[in-house]
Amino acid sequence: MHRNKTVWVLGLFLALLSCKNSKKEPQEAPKTEIDKPLALSGHYVTDGYEKRNEGYDWVGVMVSELDPDNLEIKVRSRADQKRPTCTFDATVTKVNDSTYQTQIESKPVLFQFSDNSLAISAKNQEDSGLLNFYCSGGASFAGTYEKINAPPMKVKLTPRSSAKC
């Protein structure tokens, strides 16, 4: 009888184990990709770059990261078939993840990045004329530039203009 009791207790124990509440752990929500910071370094060009072989004028902007809060900006116009018309160099400081700023004559100039473009403008509309000084013929380097995957063809890095930012 002792043996039957042992078998019965063992059976009851196994039955309880097998009927254990199979409560599943809550599943974690799928991990989403954290917003990646914009890749700002690279080459940006005006829309005339696509038609450069037809003689269209274009301007390129070279952006290099100096440190987490500063970028080096070099604006150059085409110099392969014409005398360069725009030259501007500056170190710009981070305002937020997509906006950088420099000063020209104590007036703020903004460099606003998106996934594939760069927009350059004076912070205040009335200061827009400051961006004309660096281009001949009254042109301005203000505007929107599209990012390209390779360095623009035949850009000569002309000497830095005498005006320093």
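Taken in order, the sequence shown gives residues 631 to 795; the numbers are from my numbering.
The C-beta atom is built at its ideal place from N, Cα and C for all residues, glycine as well.
Which of helix, strand or coil does DSSP assign to residue i?
i                 : result
tyrosine 686      : coil
aspartate 677     : helix
phenylalanine 708 : The sequence shown places arginine at residue 708, not phenylalanine. In this structure, arginine 708 counts as coil in the three-state DSSP scheme.
serine 671        : coil
asparagine 700    : strand
glutamate 663     : Because glutamate 663 carries a pLDDT of 48, less than 50, the predicted location of this residue cannot be relied on, and no value is offered for it.
From residue i to residue j, what does the alpha carbon distance come to, in whole angstroms?
i              : j              : result
aspartate 757  : aspartate 745  : 27 Å
threonine 774  : serine 736     : 23 Å
leucine 740    : glutamine 731  : 5 Å
lysine 704     : arginine 682   : 20 Å
lysine 724     : asparagine 754 : 18 Å
proline 782    : alanine 769    : 20 Å
isoleucine 778 : histidine 673  : 6 Å
proline 738    : asparagine 700 : 15 Å
tyrosine 686   : alanine 780    : 19 Å
Can you name, in chain order, every residue of its own chain whose Cβ lies under 8 Å from the Cβ of residue i, other than the five neighbours on each side?
i            : result
alanine 772  : Ile750, Ser751, Ala752, Ser758 and Leu761
leucine 668  : Asp727, Ser728, Phe743, Ser744 and Asp745
cysteine 716 : Val689, Val705, Arg706, Ser707, Tyr764, Cys765, Ser766, Ala769 and Phe771
Using a threshold of 8 Å, state whether the C-beta atoms of residue i and residue j are closer than that.
i             : j           : result
proline 721   : leucine 696 : The sequence shown places threonine at residue 721, not proline. Contact: yes.
serine 728    : valine 693  : no
glutamate 776 : serine 747  : yes
valine 691    : serine 707  : no
Excluding sequence positions up to five away, which residues of its chain have a Cβ less than 7 Å from the Cβ of residue i?
i                 : result
phenylalanine 718 : Val705, Tyr764, Phe771 and Ser791
| Which whole runs of the beta strand (DSSP E) in the region 712-777 are 3 residues long or more, in chain order? | 717-726, 729-734, 737-743 and 747-752
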